[in-house]
Structure formats: C-alpha cells, structure tokens
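*Asks:* Below is the structure I would like to discuss, written out as structure tokens.
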Amino acid sequence: LDPSIPTEGVLEEAMLIDWDNAAILETTSEPVTGRTGTPMFIATAVSEGRFPTMGKVASYMRVLKFPDMSKDAKDKYITAFDEERYLSYIEKHNTSDLYKVITETAPFEHLPLHDMESLFWLLAVLLCTASVPEPEEKSCSTTEYERFWQIMKAHNPGDAGGDLRELFLLKSSPEIWEKRLHSKLQSVSSMLDNMACYFAINWVYWRGELSDYHAHEMMVRVFLDHIVRIEQDNADVTINLKKKRPMPTYSLLKPNKDSEHTSQTSGISCYANLTGTSVAEYIQLGGGSLGKHARDEE
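The sequence shown maps to residues 1 to 298 in full-length UniProt numbering.
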C-alpha cells in the first residue's frame with residue numbers, strides 16, 4: 001500500500017486489512033496515536049503497554065508439550081503442509097528451556113503472538129455469548145458466565161487495578177470454560193482451555209528458541225484437532241450470531257463506554273456452525289468486525 005516500499009520480488013498470497021487499527025497518516029488535525037481496537041480483545045501485554053514486572057528474580061515455566069493432535073487431524077495437517085513442518089515446531093518446543101530464570105523485565109514490543117491472543121479473546125467471547133436458535137434457551141446464565149462477560153465488557157487498557165482478564169488465562173480448566181458456555185457448546189471447552197493455558201506463558205523470554213509464529217501454529221493445530229473431532233462425532237451445533245445469550249440481570253462491573261468506538265464492518269450471516277466459516281475460516285478470511293458487531297448488539 002505504501003508506494004515508497006520496493007515491491008520487486010514480492011508475491012502477495014493474501015491481504016487482510018484490519019480497519020480497527022487504520023489511520024490516515026497525512027491527517028494532522030486529529031490524533032492517530034495510542035492503542036486502538038476493541039478493548040476486550042486487546043492482548044494483555046499490549047493493553048498494559050508492558051510485560052509483567054518482576055522483582056529481583058522470577059522463574060517462568062513453559063507448557064510441557066506443544067498441543068497434541070489426533071491421528072486423523074495430523075494426517076490432514078501433513079496433507080495440507082508436510083511432515084517436516086509438523087515435526088519442526090515440536091522439536092523446537094521440546095529443545096527449548098523448560099524453565100527461565102529472569103532477572104530483568106523484557107522491554108515491551110509488539111509480538112506476533114499478541115495478534116493470536118487477541119484472536120483468542122474474540123473467539124472466547126463469540127463462543128461464550130453465542131446462543132443456540134433451536135430450541136429456545138430456557139436455562140439461566142451461570143455465575144461464571146456472568147462474571148466472564150462483565151469483566152470482558154468492563155476491561156479498559158491501563159486500568160489502575162490491572163487487567164482482570166489475566167484470571168481467565170492463569171486459572172483455566174475445561175471445567176471452568178464449560179460453565180461459561182451454552183450447554184450445547186461445551187464440547188469446545190477443552191479447545192479454549194488449551195489456548196488460554198498457552199497464552200498464560202510469558203513467551204517473550206523464549207525468543208530466539210522458538211519460531212516467531214509459534215502461537216499461530218498452536219492455534220492452527222488446536223483449531224484443526226477440534227474441528228476434526230466435532231465432525232467425526234457429528235457434534236456440530238448451529239449458533240446464532242445475531243442474538244446473544246440472556247444477559248445478566250445485575251451488573252458486577254460498570255461497562256466500559258470507551259469500547260464503543262467506530263470501525264468499518266461488512267455483513268455477517270445470522271447463523272454459523274462450530275466448524276463453519278463464521279468461527280474459524282470467517283475470522284481467517286477477515287469477513288467483518290465481530291468486535292463492532294458485538295458492540296452493536298449491546
């Protein structure tokens with residue numbers, strides 16, 4: 001897009017423009033600096049503008065294994081890519097340090113994994129707030145779902161009390177995610193748990209040992225593994241993207257009005273499936289701003 005950048009030898013495979021982070025740089029009458037985007041979807045470190053501050057010394061442990069895949073999912077992966085790629089991420093993960101003893105907080109920088117964490121937050125909100133069109137939902141929202149939704153809505157970057165969303169990363173389990181999901185969508189609770197546990201790690205201290213896109217690869221494998229399982233179990237569920245689950249009857253936290261900013265949005269279909277385009281492929285293809293769609297429904 002920038003004519004000053006040489007394009008000789010560059011072959012674009014795809015282009016995705018995120019209008020939530022767009023600015024007209026030639027305009028000087030309006031500020032274009034600062035964090036942009038939907039607050040509830042911003043990665044925790046980006047929201048704070050720093051990595052977690054440590055004392056004199058801190059010890060970090062990575063996840064033990066790179067996410068596993070079923071045999072059928074692995075076969076599909078190797079068909080789409082190759083076995084060398086499949087093994088390379090596992091080998092780099094296994095040969096990296098299990099523990100890191102850190103004496104100095106890393107200077108902040110935006111990493112590729114922050115984009116994937118942002119995608120995780122969007123996916124978690126989309127799935128936890130989704131309703132099932134038939135039959136009509138009659139059960140009340142659980143306390144855990146109410147707390148999750150209120151904390152997500154109220155999040156504001158730089159709040160003095162810290163980022164309460166970290167709780168959903170640091171204290172994650174399939175059982176807790178089940179309590180946040182509609183009863184017919186609980187099959188994806190382990191998927192959300194796998195992602196949450198991965199993003200709970202301060203991966204900045206493993207730079208140089210892992211690929212810059214290890215979080216992208218984690219998401220690809222976790223997505224594929226669960227999509228294959230859902231299809232094999234014939235457990236796909238139609239979800240309503242136009243209608244949220246019943247909202248709490250009381251408010252635990254004051255909603256964040258700063259999240260009501262503008263963005264460009266294209267159309268979005270009313271219904272989707274767990275294995276359909278509006279969950280995984282829809283996000284990958286960039287088909288509209290689900291953040292703005294969520295705000296419009298509030």
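For glycine and all other residues, C-beta sits at the position ideal for the given N, C-alpha and C. All of these numbers come straight from a predicted model, not from anything done at the bench.
(1) Run through DSSP, which three-state label would S131 get?
(2) Do Y60 and I102 have their C-beta atoms within less than 9 Å of each other?
(3) Spell out a yes or no on whether the region 200-213 and the region 76-93 are touching, meaning 3 or more CB-CB pairs, one atom from each, closer than 8 Å.
(4) Sorted by chain position, which residues of the same chain lie with C-beta nearer than 7 Å to A43's C-beta, five sequence neighbours on each side aside?
(5) Please report the straight-line C-alpha distance between D75 and N194, rounded to a whole angstrom.
(6) What are the boundary residues of the beta strand (DSSP E) that includes V101?
(7) Within this structure, are the beta carbons of L181 and C128 separated by less than 9 Å?
(8) Can you find the residues in the same chain that come closer than 7 Å, C-beta to C-beta, to V222, ignoring five residues on each side of it along the sequence?
(9) Looking at F199: is its Cβ nearer than 9 Å to the Cβ of L122?
(10) Figure out for me which residue from P112, A130 and E146 has the closest Cα to the Cα of H216.
(11) According to the Cβ coordinates, are W149 and V132 closer than 9 Å?
(12) Quick one: give me the first and last residue of the beta strand (DSSP E) that N240 is part of.
(13) Taking just the CA atoms, how far does A154 sit from P246?
(14) From the DSSP output, in three-state form, read off A80 for me.
(15) Taking 7 Å as the limit between beta carbons, can you name the residues of its chain near H261, skipping five residues before and five after?
(16) Assign L98 to buried or exposed, taking buried as 16 or more other Cβ atoms, counted over all protein chains shown, within 10 Å of its Cβ.
(17) Going by the beta-carbon positions, is the gap between R62 and W203 smaller than 9 Å?
(18) Taking the C-alpha atoms as reference points, what is the distance between E109 and N234?
(19) Please list the segments of the alpha helix (DSSP H) lying wholly inside the region 205-239, counting only runs of 4 or more residues, in order along the chain.
(20) Buried or exposed for D225, please, with buried defined as at least 16 other CB atoms from any protein chain shown within 10 angstroms of its CB.
(21) Taking Cβ to Cβ, would you say I151 is nearer than 9 Å to L164?
(22) What separation, rounded to the nearest whole angstrom, lies between the Cα atoms of A58 and V46?
(23) Does DSSP classify S70 as helix, strand or coil?
(24) Identify the residues that DSSP records as bridge partners of M61: which are they?
(25) Where G162 and P52 are concerned, what is the direct C-alpha to C-alpha distance, given to the nearest angstrom?
*Replies:* So, from the data block:
(1) strand
(2) yes
(3) yes
(4) H114, E117 and S118
(5) 21 Å
(6) Y99 to I102
(7) yes
(8) P67, M191, N194 and M195
(9) no
(10) P112
(11) no
(12) T238 to K244
(13) 18 Å
(14) helix
(15) Model confidence at H261 stands at a pLDDT of 39, short of 50, so the residue's coordinates are unreliable; what they give is reported in the following sentence. Hits under 7 Å: none found.
(16) exposed
(17) yes
(18) 43 Å
(19) 214-232
(20) buried
(21) yes
(22) 21 Å
(23) coil
(24) Y99
(25) 11 Å
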